[in-house]
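Numbering-wise (our numbering), the sequence shown opens with residue 97 and increments by one.
C-beta: ideal position from N, C-alpha, C; glycine also.
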Amino acid sequence: MTTPPPPSAPSPSAPPPSFSPADESAPERALDRALDLLARCFSLLSGFCLVVLIAIFGWLVFGRYVLNATPTWAEQLGLLLIAVITFFSGAVGVHEQRHLSVDFLRDALPRGPRRLLLVAGDLVMAVFGLLMAVNSWDLVLFKWSTKIPLLDLPEGLRSLPLTICGALLVIFAGSRALRRALGRYPDDEHLFDPLDALQAEAGPLHAPEMPPGLPPGPPGGAAPDRRA
97 MTTPPPPSAP SPSAPPPSFS PADESAPERA LDRALDLLAR CFSLLSGFCL VVLIAIFGWL
157 VFGRYVLNAT PTWAEQLGLL LIAVITFFSG AVGVHEQRHL SVDFLRDALP RGPRRLLLVA
217 GDLVMAVFGL LMAVNSWDLV LFKWSTKIPL LDLPEGLRSL PLTICGALLV IFAGSRALRR
277 ALGRYPDDEH LFDPLDALQA EAGPLHAPEM PPGLPPGPPG GAAPDRRA
């Protein structure tokens, strides 16, 4: 009767288990859903503005080269929509962490310093968003009494997307920095090394178990001669 091999013990050099979405509390899950919903709303708004922008410039080309009557308002409205698309999409990209980054130095560091750099990056982004929101709001108030040519809309609308984008950066980046600093943010690909997981799951190697009743092979690993 063969004895089953002992259960594999975890590697002593394996890192401790990290925080995962399953460990989130009810308020944290509610916060994640609220932030995801907020980002999705602004993403849909940016997509709608992009569709309107394409339609406007299509009408601009048709009116200029076919009807010989250029719609002069199309360019001004297009510039306003471009500002909305750019800043709203940029804020959503910060929430989804899709912006380009130079991370070869950060990824070469151990897990602890890597987390500190991520927290510092989120804090810098949150402070930048706060400065953007405050200063652009002053610009909105300063230019609100002026009208956009050909649209008869307040000139301050051009700066309003900057204010909203700055506020979103404070919400998205600030909440992520706080949760990462407290160790309550699920690890992403920048903190999680797949090789660590393989080392943690791998146990000591054992010789393959021989089926009962089968005589062991000859020394040297050669297969037994089964000829009569």
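- In the DSSP assignment, W240 falls outside any alpha helix (DSSP H), carrying neither H nor E.
- P282 sits in coil when the DSSP states are folded into three classes, being neither helix nor strand.
- Proximity of the segment 198–211 to the segment 228–247 falls short of the contact definition, fewer than three beta-carbon pairs being nearer than 8 Å.
- Bounds of the alpha helix (DSSP H) holding Q172 are 169–192.
- Residue pairing by DSSP places P250 opposite K243 in a beta bridge.
- Apart from sequence neighbours up to five positions away, the residues of its chain that approach F183 with a beta-carbon distance below 8 Å are P257, L258, I260, C261, ordered along the chain.
- Secondary structure of E124 (DSSP, three-state): helix.
- Nearest in C-alpha terms to S185, of all of G143, L226, V266, L274, is G143.
- Sequence-distant Cβ neighbours of Q172 in its own chain, meaning closer than 8 Å and more than five residues away, are I244, P245, L246, L247.
- Here the C-alpha atom of S271 lies approximately 11 Å from the C-alpha atom of M221.
- Contact check for F268 against A187 passes: the beta carbons are separated by less than 8 Å.
- The Cβ atoms of G174 and L149 sit closer than 8 Å to each other.
- Annotation: the continuous alpha helix (DSSP H) that includes S271 extends over 256–277.
- Under the 10 Å beta carbon count, V198 is surrounded by fewer than 16 other beta carbons and is classified as exposed.
- Exposed is the label assigned to D132, since fewer than 16 other Cβ atoms lie within 10 Å of its Cβ.
- Relative to the Cα of R275, the nearest Cα in the group T242, A165, A216, V147 belongs to A216.
- One alpha carbon belongs to L265, the other to H191, and they sit about 8 Å apart.
- Where D203 is concerned, the enclosing alpha helix (DSSP H) starts and stops at 200–203.
- One thing to note: A135 has its Cβ no nearer than 8 Å to the Cβ of D218.
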